[in-house]
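Residue numbers (my numbering): 4 to 103.
Virtual Cβ for every residue (Gly too), placed ideally from N, Cα, C.
Note that the structure is predicted; figures quoted are calculated from it, not measured.
Please read the structure below before turning to the comments.
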């Protein structure tokens, strides 16, 4: 379902520059505990959510993103650890856009 696969740049000089900033648009599960008609439920649509961060990988049916990182070496952009990670199944991704 992914509309676009973004390439990781393994030759970037700084490690952080290997992982492009992206916006991932994905379909979320929606539930509603209120009473509604059958027709109303049939017309309901899935919400599109957006997750932004650095693209870590896109393989094995999964897209992995991280939002935060700590640097072991600032000049080299060497990453020590990552945080605020999100793992999204590719089957629910509508689109991925690279952010400049």
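To which residues of the same chain is residue 65 closer than 8 Å at the C-beta, ignoring the five residues directly before and after it?
Cβ neighbours of residue 65 within its own chain (closer than 8 Å, five residues either side excluded): 90, 91, 92, 93.
Quick one: is the Cβ of residue 8 within less than 6 Å of any heavy atom of the ligand GDP?
Ligands displayed in this structure: none; no statement on the ligand GDP is therefore possible.
DSSP three-state label for residue 1, please.
Beyond the ends of the chain as shown, which are 4 and 103, falls residue 1; an answer cannot be given.
For the beta strand (DSSP E) that contains residue 52, what are its first and last residues?
Unbroken beta strand (DSSP E) run through residue 52: 51 to 62.
Since residue 99 and residue 27 are thought to touch, with beta carbons under 8 Å apart, how far apart are those beta carbons, to the nearest angstrom?
About 5 Å separates the beta carbons of residue 99 and residue 27, which is inside the 8 Å limit, making them a contact pair.
Let's see if you can read the secondary structure: which residues bound the beta strand (DSSP E) around residue 100?
96 to 101 is the span of the beta strand (DSSP E), which, as asked, contains residue 100.
Between which residues of its own chain and residue 87 is the CB-CB distance below 8 Å, once the five residues before and five after are set aside?
Only 56, 69, 70, 71 meet the Cβ criterion.
Hey, could you find the ends of the beta strand (DSSP E) residue 9 is sitting in?
Unbroken run through residue 9: none, as it is neither H nor E.
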